[in-house]
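Asks: FYI, the numbering for the sequence shown is 22 to 407, going by our numbering. No residue lacks a Cβ here, since even glycine has one placed at the ideal position from N, Cα and C.
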Amino acid sequence: MTSTAQVTEAPARQVLPAEERYADELAFLAAYDSGPRPPGWALTPKAVVTFVCGSGDEPLRLPSPVKGMPDRLVVAPKFVGERSLVERCVVTLAGERGLLLVGEPGTAKSMLSELLAAAVCGTSALTVQGTAGTTEDAFRYGWNYALLLAQGPTPQALVPSPVLTAMRSGRVARIEEVTRCLPEVQDALVSILSDRRLSVPELSGTDDATLSAASGFTVIATANLRDRGVSEMSAALKRRFNFETVAPIADAAAETELIRRQATTAVERAGAPFSVDDSVLDTLVTVFRDLRSGRSAEGWDVERPSTVMSTAEAVQVAASLAISTAYLSSGDPLDLVPGHLLGVVRKDDAADHARLLGYWDGPVRRRAEDGSATWRRLWDLRETVR
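1) Would you be able to state if there are at least three C-beta pairs under 8 angstroms between the stretch 249-268 and the stretch 315-326?
2) Since residue 211 and residue 137 should fall inside the 8 angstroms C-beta cutoff, what is the C-beta to C-beta distance between them, to a whole number of angstroms?
3) Looking only at its own chain, which residues have a Cβ that is under 7 angstroms from the Cβ of residue 215, when we skip the five neighbours before and after it?
4) Can you check DSSP and say which residues form a bridge with residue 89?
5) Let me make sure I understand the geometry here. Which of 364, 233, 304, 378 has the alpha-carbon closest to that of residue 395?
6) I'd like to confirm the pairing. Which residues does DSSP put opposite residue 351 in its beta bridges?
7) Where does residue 66 sit, in a helix, a strand or coil, going by DSSP?
8) Is the beta carbon of residue 385 closer than 8 angstroms to that of residue 343?
9) Pick out whichever of 381, 153, 219, 229 has its Cα sitting closest to the Cα of residue 307.
10) Could you pull the DSSP bridge partners for residue 255 from this structure?
11) With 16 as the cutoff for other CB atoms within 10 Å, does residue 167 come out buried or exposed?
12) Could you check the C-alpha separation between residue 369 and residue 274 for me, to the nearest Å?
13) Would you tell me roughly how many angstroms separate the C-alpha atoms of residue 359 and residue 327, rounded to the nearest one?
14) Among residues of its own chain, excluding the 5 on either side of residue 296, which ones have a beta-carbon nearer than 7 angstroms to its beta-carbon?
15) Should residue 232 and residue 219 be called a contact, given that it needs their Cβ atoms to be closer than 8 angstroms?
16) For residue 130, collect the residues of the same chain with a Cβ closer than 7 angstroms to its Cβ; drop the 5 residues on either side in sequence, then sort them by chain order.
17) Assuming the contact rule is C-beta atoms closer than 8 angstroms, residue 159 and residue 149 should be a hit. Round their C-beta distance to whole Å, please.
18) Grab the span of the beta strand (DSSP E) containing residue 264 for me, first residue to last.
19) Is the stretch 77-86 touching the stretch 107-117 in the sense that three or more CB pairs, one from each, lie closer than 8 angstroms?
20) Could you name the residues of the same chain whose beta carbon sits closer than 6 angstroms to that of residue 152, not counting the 5 residues immediately before and after it, in chain order?
21) State the start and end residues of the unbroken alpha helix (DSSP H) segment that holds residue 137.
22) Check whether the Cβ atoms of residue 87 and residue 46 sit closer than 8 angstroms, and answer yes or no.
23) By Cβ distance below 7 angstroms, which residues in the same chain neighbour residue 357 in space, the five residues on each side in sequence not counted?
24) Considering Cα atoms alone, identify which of 57, 100, 374 is closest to residue 403.
25) Which of helix, strand or coil does DSSP assign to residue 194?
26) Considering only DSSP beta bridges, list what residue 123 is partnered with.
27) From residue 70 to residue 224, what does the alpha carbon distance come to, in whole angstroms?
28) Can you grab the Cα-Cα spacing for the pair residue 44 / residue 405, in whole Å?
29) From the DSSP output, read off the bridge partner residues of residue 181.
30) From residue 67 to residue 112, what distance separates their C-alpha atoms?
31) Out of 393, 85, 235, which has the shortest C-alpha to C-alpha gap to residue 213?
32) Rounded to the nearest angstrom, what separates residue 91 and residue 61 at their Cα positions?
33) Using C-beta distances below 8 angstroms, list every residue in its chain close to residue 22, excluding the 5 sequence neighbours before and after it, in chain order.
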């Protein structure tokens, strides 16, 4: 009796890393700009900026044909923000200095970090996620204890951290939420960023007692400055970084387009179409921007909730509206907005519920009185946020 083995395909990954998601653009930019590059860089600094910020409406043209590659390509923008910010980040990395991206949660610091690492060195995978439980091993090294017991401390028994791997290969190490690590753990980075080498006392007396960084090594860290549970960085560590603040998106139209694009991607992963009307999406963005800034577009004062009304949260709400409409036949997505806003606002501070209700009694009511049908419908839904 013959049995046939069933071949099961690996499930599709929900999110690809930037170096895979944009592999065609990265390969094109490497061929398009063959100018001088810092040691270890996959692209020129100018090409890195183009990768992150986009090439504009005009397609880039290769100087000479490359087999398997289009002759022209429009590089899409991936980060919505000031080009000058991205240029400063690239200059910092080219100088092999640590880069610290700071700002409120949901301002795309992690995305910018990933895009920069992918463009500079071809991988964004050398990443440490900072938490209160992160130890120095995550920045330095650990040990394979089976080999350690059998052989003692040897180079073969050493388990490199992502940071040490980046040092050895001359790549970018990413540290997410560095201020969530305890201060004594953070300070393990001081000697790495200043001396560009790492001592291994257990291997003292051997050639492997000191591990030096290869050309091109640097660190991109991110930090949320408003979240709870953060640890103050030491002055010594701060001096090893160039700080760049990633601010919320200033332009409402640009933020709306970003939310539409990212929400569409999220909804398509869920197997549904993005079917939220522009009027609903514009209203959602307006509410988030009003509550985030503490002032409406008309100049009316708004009491800000303590929670951060980030673009990332707005993306999740827009995606939820589309998924509800597609799978639950929920009717008009606008009717779902108040309930989802409650979920965003009512997280930590009970008073934020009252602030959201105050927003309904202020800008929502005044816009309804001005004759807007959309805002009139929201005003009619006031009981939903009580």
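Replies: Concretely, from the data shown:
1) In short, these stretches do not touch, since the Cβ pair count stays below three.
2) Taking the first residue of the sequence shown as position 1, residue 211 is located at position 190. Taking the first residue of the sequence shown as position 1, residue 137 is located at position 116. Under the criterion of beta carbons closer than 8 angstroms, residue 211 and residue 137 do not qualify as touching, at roughly 22 angstroms.
3) As a working mapping, residue 215 is identified with position 194 in the sequence shown. Counting only Cβ-Cβ distances below 7 angstroms, and skipping sequence neighbours, we find 261.
4) Counted from its first residue, the sequence shown places residue 89 at position 68. Answer is none; residue 89 lacks a bridge partner.
5) Along the sequence shown, read from residue 1 onward, the residue named residue 395 stands at position 374. Looking only at 364, 233, 304, 378, the smallest Cα-Cα distance to residue 395 is reached by 304.
6) Counted from its first residue, the sequence shown places residue 351 at position 330. Bridge partners of residue 351: none, in fact.
7) On the sequence shown, position 45 is the one that residue 66 refers to. Residue state, collapsed to three classes: helix.
8) What you label residue 343 is simply residue 322 of the sequence shown in a count that begins at 1. What you label residue 385 is simply residue 364 of the sequence shown in a count that begins at 1. Going by C-beta atoms, residue 343 is not nearer than 8 angstroms to residue 385.
9) Locating residue 307 in the sequence shown gives position 286, counting from the first residue. Of the listed residues, the one whose Cα sits closest to residue 307 is 381.
10) Locating residue 255 in the sequence shown gives position 234, counting from the first residue. Per DSSP, none; premise fails for residue 255.
11) Residue 167 sits at position 146 when you count from the first residue of the sequence shown. Residue 167 should be labelled exposed.
12) One-based indexing of the sequence shown puts residue 369 at position 348. One-based indexing of the sequence shown puts residue 274 at position 253. Distance between the alpha carbons of residue 369 and residue 274: 30 angstroms.
13) Numbered from 1 along the sequence shown, position 338 holds the residue referred to as residue 359. Numbered from 1 along the sequence shown, position 306 holds the residue referred to as residue 327. Taking the Cα positions, residue 359 is about 18 angstroms away from residue 327.
14) As a first step, residue 296 is located in the sequence shown; it is residue number 275 there, counting from the start. Counting only residues of its own chain and dropping the five nearest sequence neighbours on each side, residue 296 has a CB closer than 7 angstroms to the CB of 343, 346, 347.
15) Translated into the one-based positions of the sequence shown, residue 232 becomes position 211. Translated into the one-based positions of the sequence shown, residue 219 becomes position 198. Yes, Cβ-Cβ distance for residue 232 and residue 219 is below 8 angstroms.
16) On the sequence shown, position 109 is the one that residue 130 refers to. 122, 124, 243, 267.
17) Sequence index remark: in the sequence shown, residue 159 carries index 138 (1-based). Sequence index remark: in the sequence shown, residue 149 carries index 128 (1-based). Correct: roughly 5 angstroms between the Cβ atoms.
18) Here residue 264 refers to the residue found at position 243 when the sequence shown is read from its first residue. That run of the beta strand (DSSP E) goes 262-266.
19) Between the stretch 107-117 and the stretch 77-86 there are fewer than three C-beta pairs closer than 8 angstroms, too few to call the two in contact.
20) Taking the sequence shown and counting its residues from 1, one reaches residue 152 at position 131. A distance below 6 angstroms between beta-carbons, with the five flanking residues on each side excluded, links residue 152 to the following residues of its chain, in chain order: 201.
21) Here residue 137 refers to the residue found at position 116 of the sequence shown. Taken as a continuous stretch (DSSP letters only), the alpha helix (DSSP H) holding residue 137 covers 130-142.
22) In the sequence shown, the residue the question calls residue 87 occupies position 66. In the sequence shown, the residue the question calls residue 46 occupies position 25. Not in contact: residue 87 and residue 46 (Cβ atoms no closer than 8 angstroms).
23) Numbered from 1 along the sequence shown, position 336 holds the residue referred to as residue 357. The answer, listed in chain order, is 342, 345, 351.
24) Taking the first residue of the sequence shown as position 1, residue 403 is located at position 382. Comparing Cα-Cα distances from residue 403 to each of 57, 100, 374, the minimum goes to 374.
25) As a working note, residue 194 is residue 173 in the sequence shown. Looking at residue 194 - three-state DSSP - the assignment turns out to be strand.
26) The count along the sequence shown starts at 1 and reaches residue 123 at position 102. According to the DSSP secondary-structure assignment, residue 123 is paired through a beta bridge with 244, 266.
27) What you label residue 70 is simply residue 49 of the sequence shown in a count that begins at 1. What you label residue 224 is simply residue 203 of the sequence shown in a count that begins at 1. Rounded to the nearest angstrom, the two C-alpha atoms are 41 angstroms apart.
28) Here the question's residue 44 lines up with position 23 in the sequence shown. Here the question's residue 405 lines up with position 384 in the sequence shown. Whole-angstrom Cα-Cα distance: 46 angstroms.
29) Against the sequence shown, residue 181 aligns to sequence position 160. Under DSSP, residue 181 forms a beta bridge with 162.
30) On the sequence shown, position 46 is the one that residue 67 refers to. On the sequence shown, position 91 is the one that residue 112 refers to. Cα to Cα, residue 67 sits roughly 10 angstroms from residue 112.
31) Here residue 213 refers to the residue found at position 192 of the sequence shown. Nearest option by C-alpha distance: 235.
32) In the sequence shown, residue 91 corresponds to position 70, counting from 1. In the sequence shown, residue 61 corresponds to position 40, counting from 1. Cα-Cα distance, rounded: 26 angstroms.
33) The sequence position of residue 22 within the sequence shown is 1, counting from 1. Any reading at residue 22 must be qualified, since the residue scores a pLDDT of 49, below 50, and its modelled position is unreliable; no value is offered.
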